[in-house]
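Sequential numbering of the sequence shown, starting at 24, is according to the working numbering.
Every residue, glycine too, gets a C-beta built ideally from N, C-alpha and C.
The next block holds one structure in the form of structure tokens; read it before the comments.
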Amino acid sequence: MGSISGPPAGPGSSRVSPMIQNCSARWKKWCSRSSRGGVMDLHAQKQAFLQLVSPSLPNEWEVEEVMEALAGVSEDRRRILLSHVPTIWPISHTLCLSYLAQGAMEERSCPPELMPEWVRQILSSYEHGGLRGAREFMADIEANFLDPLRGRACIDLEEVRGRMVPYLRGVSGLPLDLIADGRNSLWTDTRTIFVPGQLHLFADRADNLLFFRFLIVLQWGFIAAGTYRIRPRRGDFALVAERYGVTAEGGGISDYLACFPDPQRAGEALLLFESGNVARDLGRELPGLFRSVRPLWLRLLDRYRGRGGTGRQWLLDRLQEVVSMAESPGGRDDSGKRPGGGQARLAGFAEFHDALSGRCREEDRELLRLLLGVPDFTAAAKRLEQAREEDRELFISLLAGILPKNPSGESDGEKGGTGGKEADSITLPQGRATGEREEAVGLSLLAEVELPPELAAVKGRIETDLGEVPVSYIQSAAGLAGPGRTLAGAAGKDDQRLAVDSSFVYDEWDFRRAGYRKDWCAVIERELPSQRTGFVPLTLQKYRGLIIRMRRQFEMLRTTYRFARRRRYGDDIDFDAMVDAIGDRQAGLAPTDRLFIRLMRDQRDIATLFLVDMSNSTEGWIGQLIKEALVLLCEVMEVTGDRYGVYGFSGMRRSRCDLYHVKHLDEAHGDDVRRRIGAIGPREYTRMGPPVRHLTRRLLETDARMRLLIILTDGKPEDYDGYADSYAIEDTRKALIEARGSGIHAFCVTVDQKAHEYLAHMFGQGNYIFVNRIESLPLRMAEFYRSLTS
């Protein structure tokens, strides 16, 4: 069977040849003259066929048998089938008659837009397997044609993720991520959108790609509209508690949904309840996307119409309103999106939920879950709380960075004079104050201080989430800015440190002022979740021969045996020392007693930490190469007997430098470690200095005689908050100099071809290697590891 060179041609496509168009015209002419009540006269149909194959004269009985089969299909189907006769007949008469007979039987299976491709594959099967092969291909159209075609049109997340993630982040303005869901479901926790690994709803790949983009945008729409942040009123809880005879507890949306008989179904109903207004808002933001996807959405709904009862039709009408609302300027008040502002957000939802539950069966909900997703409001609540805490910490640290310092701790009255007008406008009052005064001062502070773009963005997220910036956030920032800056009184010394929920805070080198930024970065150790994948077994199988060669190389690095000369006692006489001693004696000098050779058995005492780059730039073949290299290194490190650990690093901004544990120094290399290696994947940015300093600290805590730090990366360090170019390179270089000053050997394995120009500056000459092919890894790794450990 041949391959498809492009999307299947549809009716009227420019890919249809003029000969087939002429054939269709002639066939329409015969049909208009000879049809009787919708069923064509067999004699007229036969004459039309003979005219198409003229001057050939086929067997009368074969033609009549095929014409009887064609008489039972629709006029459009007959026209399409016969339009391909001039293409097939010159190749094989028998094949053409078999094609017409089989095509008449497969009217429902093969849609008209796929007929040209089916004919092309029939001819390809005939060329490769003769008439028998072609008939076997036509006999099972579902298995031999439609299923493989769906596979070609199928959208695989791994193939399109590199394009979809930047698109999603671009339209949303949020650092959202896309991950394949193990349950093959569509849902979100408000920071990650989980999608099925594959999508093949339509025969055309471009349609599937467009629909896939729309589904993830719709999930972002629920996030942006605040569906997962709805705060039900007391009256909402009282209504559902009375309606279903339950006791309402808590105050969040997940607690509210728990009052319904089936919380999961209630969550799905809430998405449908919100979907029309979400689509209306998205339609204003992305009108082109909605115009393009509307025919696909309606076509998908049409597949379900006519089947099932009135409940399914009611659900289809509600789903059709999703694309209809996108073109409508009306809808609920936008205040419903603001937490605390949408007092009528859940008005009428209980009745809507009961209507959906009473009318739709379980099988009717499949389409609902396919299009709107399977919500998990509990997971979303946990992730929102985590994001809320991250925004709080980031807001405090950023605001503290722009507030004026008062290092002496003196109050304004103690300075003996009034300051300038600008200083007065943002200087906070001392002493205790009432809550009203604190709030007024905090709000005026935000109004008068010019906020950088990053701080303004964080402030916007907090206001969207909580309605306003809490005054406690401003108090904490004022305290962090310096002693005596809090609204409620003097701040302690600890308030000057970075307000992060972490035990590991590090300085950062600023080469522009030739000094450190004190307590500037926070390293947060995280556990990389164990993930069952076939990556490690497949890699071990793929590079089996390579691993054998690497093991042989590294076996030579185990416990070493060497001869130590000029010893006072040993296993044999050192003849060189003996000759020197005789010479000294003849010269009248006192001969040495170091006359023996001793066989020394040196035990290796080495600790190695691997630091793996998990930034977003490692997506694709680069990340694949780094992970494969790590798998091979872990396998052969077991041969040497040296202690080693593996950590990944990524993060965003100085307040969240994430360090992911893959393997501790003294942890056994087992299935858990292999699963964590399989879970390594691209995340966010590459702030390299803090993790280097943190692992330097870890290595200094070991009692090893030799300590190594090996970094696997794809390129230069970079982060979101200005940590880039010379600043990032100089800070990383300073961190590596600090490591070497502590007796730690730092080395880099890179896959960046352009890295030579800055790696030599960062790591020093001879302290890095470039690997662009996994096959070159064994010799290079063995060489540098031997040079480092010998």
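CA-to-CA distance, residue j to residue i, given in whole angstroms
| i | j | result |
| --- | --- | --- |
| Arg228 | Leu718 | 47 Å |
| Ile547 | Leu191 | 27 Å |
| Ser638 | Val492 | 31 Å |
| Ala196 | Leu233 | The residue you asked about is not Ala; residue 196 is Gly in the sequence shown. Cα to Cα, the separation comes out at about 20 Å. |
| Ser55 | Leu324 | Since pLDDT at Ser55 reaches only 44, below the 50 mark, its modelled position is unreliable, and no value is offered. |
| Ala747 | Ala292 | 46 Å |
| Asp230 | Arg186 | 16 Å |
| Pro705 | Gly646 | 7 Å |
| Arg699 | His684 | 8 Å |
| Pro284 | Gly381 | 13 Å |
| Ala264 | Cys133 | 52 Å |
| Pro255 | Phe400 | 14 Å |
| Leu339 | Leu309 | 23 Å |
| Gly764 | His223 | 57 Å |
| Arg679 | Ile178 | 34 Å |
| Trp644 | Pro475 | 37 Å |
| Leu422 | Val481 | 10 Å |
| His376 | Pro318 | 28 Å |
| Asp259 | Glu272 | 12 Å |
| Leu722 | Pro198 | 33 Å |
| Gly568 | Thr562 | 11 Å |
| Asp387 | Trp210 | 19 Å |
| Tyr539 | Tyr592 | 54 Å |
| Arg730 | Leu238 | 50 Å |
| Arg184 | Thr117 | 47 Å |
| Glu136 | Thr110 | 17 Å |
| Gly789 | Val635 | 20 Å |
| Gly306 | Arg236 | 14 Å |
| Ala500 | Tyr529 | 19 Å |
| Tyr781 | Val142 | 58 Å |
| Pro139 | Ile145 | 10 Å |
| Pro713 | Arg214 | 24 Å |
Residue(s) in a DSSP beta bridge with residue i
| i | result |
| --- | --- |
| Tyr539 | Trp532 |
| Gly671 | Val635 and Tyr683 |
| Glu642 | Partner(s): none; Glu642 has no beta bridge. |
| Thr773 | Thr736 and Phe793 |
| Val546 | Phe527 and Cys680 |
| Phe619 | Arg590 and Ile596 |
| Arg388 | Looking at the DSSP assignment, Arg388 forms no beta bridge with any residue, so it has no partner. |
| Ala630 | Arg666 and Arg730 |
| His768 | Leu731 |
Nearest neighbour of residue i, chosen from the options [CA to CA]
| i | options | result |
| --- | --- | --- |
| Arg415 | Arg484, Trp210, Phe283 and Glu98 | Arg484 |
| Trp84 | Gln74, Trp112, Leu120 and Gly674 | Leu120 |
| Asp488 | Phe168, Met90 and Ile253 | Ile253 |
| Val188 | Glu707, Arg809, Asn790 and Leu723 | Glu707 |
| Glu3 | Ile620, Asp695 and Gly738 | This structure cannot settle anything about residue 3, because the visible part of the chain is limited to 24 through 813. |
| Gln823 | Trp112, Glu412, Arg186 and Ala248 | The first residue shown for the chain is 24 and the last is 813, placing residue 823 beyond what the model contains. |
| Gly611 | Tyr496, Asp603 and Pro398 | Asp603 |
| Val559 | Tyr529, Ala587, Glu477 and Glu651 | Glu651 |
| Ala479 | Ile752, Phe418, Arg536 and Lys541 | Phe418 |
| Leu395 | Leu123, Gly244 and Ala403 | Gly244 |
| Gly766 | Tyr791, Glu724 and Gly156 | Glu724 |
| Val345 | Leu241, Arg384 and Ala289 | Leu241 |
| Gly205 | Val76, Asp595 and Gln221 | Gln221 |
| Pro398 | Asp636, Ser208, Asn82 and Ala500 | Ser208 |
| Arg257 | Tyr529, Arg236 and Ala370 | Ala370 |
| Pro219 | Val194, Glu182, Glu130 and Gly193 | Glu182 |
| Trp320 | Gly334, Ala378, Pro286 and Leu393 | Leu393 |
Min CB distance residue i to chain C below 9 Å
| i | result |
| --- | --- |
| Tyr670 | In the structure shown, chain C does not exist; there is a single protein chain. |
List in chain order: all unbroken alpha helix (DSSP H) runs of 4+ residues lying wholly within the region 151-212. Listed in chain order, the complete alpha helix (DSSP H) runs (minimum 4 residues) inside the region 151-212 are 170-176 and 180-195.
Would you mind listing the alpha helix (DSSP H) stretches within the region 710-763 that are 4+ residues and don't spill past its ends, in chain order? For the region 710-763, whole alpha helix (DSSP H) runs of length 4 or above, ordered along the chain, are 712-723.
For the region 208-255, which segments carrying the alpha helix (DSSP H) assignment without a break, of at least 4 residues, lie completely within its bounds, in sequence order? Unbroken alpha helix (DSSP H) runs of no fewer than 4 residues, entirely contained in the region 208-255, are found at 228-247, following chain order.
As an exercise, report each continuous alpha helix (DSSP H) stretch of at least 4 residues that is fully enclosed by the region 288-345, in chain order. The region 288-345 contains, as complete alpha helix (DSSP H) runs of 4+ residues, the segments 310-327 (chain order).
For the region 586-603 against the region 566-575, do three or more pairs of beta-carbon atoms, one drawn from each stretch, fall closer than 8 Å, so that the two count as touching? In short, these stretches do not touch, since the Cβ pair count stays below three.
Quick check on the DSSP output: what are the complete alpha helix (DSSP H) runs of length 4 or more inside the region 50-135, in order along the chain? Taking only runs of at least 4 residues, the alpha helix (DSSP H) segments lying wholly in the region 50-135 are 65-76, 83-93, 98-106, 108-111 and 116-128.
For the 8 Å Cβ check, are there 3 or more pairs between the region 281-301 and the region 244-260? Yes, the region 281-301 is in contact with the region 244-260.
Say whether the region 313-328 touches the region 269-282, bearing in mind that this needs 3 or more beta-carbon pairs closer than 8 Å, one atom from each stretch. Judged by Cβ distances under 8 Å, the region 313-328 makes no contact with the region 269-282, as fewer than three pairs qualify.
Inter-stretch contact at 8 Å, needing at least 3 Cβ pairs: the region 651-667 / the region 748-764: At 8 Å Cβ cutoff, the stretches do not touch.
Are there three or more Cβ pairs, one per stretch, closer than 8 Å when the region 709-716 is compared with the region 738-752? Short answer: they touch.
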